[in-house]
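Visitor: One structure is given below, represented as structure tokens, and several questions about it will come after.
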Amino acid sequence: MSVNSGVRIQSTMNLPVAGLLLVAFCCSPIATIDTSHITDSLSLANDLGGFIESQDFSKTASKLISSVSPYLGVIGSVLSFAFSFLPSGPSAELLAIQKLYKDVTLRFDKIDHQFSAITREIKWGSIEAHFGDYESTIHTISQTYQQLVASRSKTEFNSRKYLFTQAFRSYQKAGEKIYDGIVGQSNLFNGPIFDEAVDHVKWDRKKAQEFMLGVTKLLISAAGIEVAYYHLTNHHDSAKFIQHDWQVKLETIKSKMNAIDHKLTTQYGHQLSTDVDIDIANHNSLSNCDLAHEVYTTIAKKYYWRSWIVTVTDHSTDNHKFMAHACSGTINQKHSKNVVVSSVDPHKAHLTTTQQHVINSVHTSHTYHIMHGGKRDLQKRLTGHRRNDADVAYNSFPAAARTTCSSVYSSIGVVDKNLHMCSSFAHNRLFTRYDGSYYHVFASG
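Just so you know, the sequence shown maps onto residues -32 to -1, 1 to 413 in mature numbering (1 follows the signal peptide of the UniProt record, and there is no 0).
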């Protein structure tokens, strides 16, 4: 029988009312219990744990409160009902609830190797020691609690309950201290934990998300431990207060997570410039085409929410040979190469045919006329073409493309043919023209 089907169970004993236990007993020794609210709440929490494990940041953030609140709310019911140990032994339904609850608590307490690796990458000094101590405390007490919820008899349950309540004495509000570190209310950390982590992982969005998800999972485990402790020690009003307090805290954490993620996707420019500079310096011996591919591959992987365009030429600081403008990117001319990096939102419409043809209107040369011959009345008029300097040609781009970051072009440029231009870019984002004599002209968007 499915545990999600709203099973109704006949019990021959009165169960103690614990906190949010949604079961009422009256005069009859036989009571009818509806378990659907328990299984539904545990299933929501289990799904949330799955989102965290799969590193689904957006779903975790969107489902955090709606999943955790019901979960914390039924802990008292589970402890009173599912671990009541009827004289006849646990029914299939009770065992199913016990298993689901055990799976949920294990899922939130599970030590994630990716999270651990990122935590090791964050060199916090004394801060690292504090965070590590709090994390270890939560995991240690949680493991004691795991043994409790795995109990198969009343004697075993009572024995493990004693061990858990004793272990909880060393808890010292570890979860709350981590929370204070997240919101910047702790003097044990140099700054808010999530913000500090962003800098330490060099603005790597995936790593920052994994870290925030790992900390969130840790705090859900801490919240569950606290609520369970107060129910088990018959302080049900305190359990209700703790439940509400963590709901408020997790709402704040959700807002903080979303704010950090927004910051990562909009304020990465300084880190991008650093990453590009390091990549060029490490691969300076590559050909222009190979370097364009290298830089494109590196930044497209790290800054995956943007569509990238990378153009590489031989080095030149001469405006008569090279002129370019880049938006949402960087221009690097430090390492014997000129590298132009720009990006657009992947959902941005591609350049229209008219917008693409802007490169055809760039004047890379001008027409000149001379009179040739001896006597004035016998002279012939000759017409020729001369190369414009790159900055002169560049200035024939529309002013908005040259001086601002409009919604149309992400980069434009004029490059002397002898600088051997080569590019790597997202599909259909870059358009180029060679005038046949002097320059390569490009525009992206």
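Note that beta-carbon positions come from the ideal geometry of N, C-alpha and C, so glycine has one too. Values in this document were obtained by computation on a predicted structure and should not be read as measured data.
Please report the Cβ distance between L68 and L10, rounded to the nearest whole angstrom; I am assuming they are in contact, meaning their Cβ atoms lie under 8 Å.
Guide: Sequence index remark: in the sequence shown, residue 68 carries index 100 (1-based). Sequence index remark: in the sequence shown, residue 10 carries index 42 (1-based). Right, the Cβ-Cβ distance comes to about 5 Å (below 8 Å), so this counts as a contact.
Visitor: Name the residue from T298, V183, F125 and K174 whose alpha carbon lies nearest to the alpha carbon of D243.
Guide: Within the sequence shown, residue 243 is the residue found at index 275, counting from 1. Ranking T298, V183, F125 and K174 by Cα distance to D243 puts T298 first.
Visitor: Return helix, strand or coil for Y272, following the three-state DSSP convention.
Guide: Within the sequence shown, residue 272 is the residue found at index 304, counting from 1. Coil at Y272, not helix or strand.
Visitor: Do you know offhand how far S392's Cα is from V383's?
Guide: On the sequence shown, position 424 is the one that residue 392 refers to. On the sequence shown, position 415 is the one that residue 383 refers to. When rounded, the distance between both Cα atoms is 16 Å.
Visitor: Given a cut-off of 7 Å, decide if W214 and A394 are closer than it, judged by their beta-carbon atoms.
Guide: In the sequence shown, counting from the first residue as 1, residue 394 sits at position 426. In the sequence shown, counting from the first residue as 1, residue 214 sits at position 246. Against a cut-off of 7 Å, the Cβ pair of W214 and A394 comes out as no contact.
Visitor: Excluding sequence positions up to five away, which residues of its chain have a Cβ less than 8 Å from the Cβ of H331?
Guide: Taking the first residue of the sequence shown as position 1, residue 331 is located at position 363. Contacts found: N356, V360, A361 and S364.
Visitor: Does the beta-carbon distance from F132 to L156 come in below 7 Å?
Guide: Along the sequence shown, read from residue 1 onward, the residue named residue 132 stands at position 164. Along the sequence shown, read from residue 1 onward, the residue named residue 156 stands at position 188. Not closer than 7 Å, so no.
Visitor: Sorted by chain position, which residues of the same chain lie with C-beta nearer than 6 Å to G352's C-beta, five sequence neighbours on each side aside?
Guide: As a working note, residue 352 is residue 384 in the sequence shown. Correct list, in chain order: Y336.
Visitor: So K175 packs on V183, CB below 8 Å; how close in whole Å?
Guide: Looking up residue 175 in the sequence shown gives position 207. Looking up residue 183 in the sequence shown gives position 215. No, K175 and V183 are not in contact; Cβ-Cβ is about 13 Å, not under 8 Å.
Visitor: Let me know the secondary structure DSSP gives F162 once reduced to three states.
Guide: As a first step, residue 162 must be located in the sequence shown, where it is residue number 194. If DSSP states are grouped into helix, strand and coil, F162 belongs with the helices.
Visitor: Who pairs with residue 492 in a beta bridge, going by DSSP?
Guide: Shown here, the chain extends from -32 to 413; a query on residue 492 therefore has no answer.
Visitor: Going by C-alpha distance, which of L387, S37, K217 and A369 is nearest D286?
Guide: As a first step, residue 286 is located in the sequence shown; it is residue number 318 there, counting from the start. Closest option to D286, Cα to Cα, is L387.
Visitor: For W171, which residues in the same chain have their Cβ closer than 7 Å to its Cβ, ignoring the five residues on either side in sequence?
Guide: Taking the first residue of the sequence shown as 1, we reach residue 171 at position 203. Contacts found: L232, Y236 and Q239.
Visitor: For the putative contact between S379 and A292, defined by C-beta atoms under 8 Å, what is the C-beta separation to the nearest angstrom?
Guide: Residue numbering aside, residue 379 sits at position 411 when the sequence shown is read from its first letter. Residue numbering aside, residue 292 sits at position 324 when the sequence shown is read from its first letter. So it is a contact: roughly 7 Å between Cβ atoms.
Visitor: Let me know the secondary structure DSSP gives T372 once reduced to three states.
Guide: As a working note, residue 372 is residue 404 in the sequence shown. Correct three-state label for T372: coil.
Visitor: Work out the CA separation of H203 and Y139 for me, nearest whole Å.
Guide: In the sequence shown, residue 139 corresponds to position 171, counting from 1. In the sequence shown, residue 203 corresponds to position 235, counting from 1. Going by the C-alpha atoms only, they are around 17 Å apart.
Visitor: Measuring straight from C-alpha to C-alpha, what distance separates S34 and K289?
Guide: The sequence position of residue 34 within the sequence shown is 66, counting from 1. The sequence position of residue 289 within the sequence shown is 321, counting from 1. Approximately 60 Å between the Cα atoms of the pair.
Visitor: Give me the Cα-Cα distance between S104 and L16, rounded to the nearest whole angstrom.
Guide: On the sequence shown, residue 104 is found 136 positions in, with the first residue counted as 1. On the sequence shown, residue 16 is found 48 positions in, with the first residue counted as 1. Cα to Cα, the separation comes out at about 22 Å.
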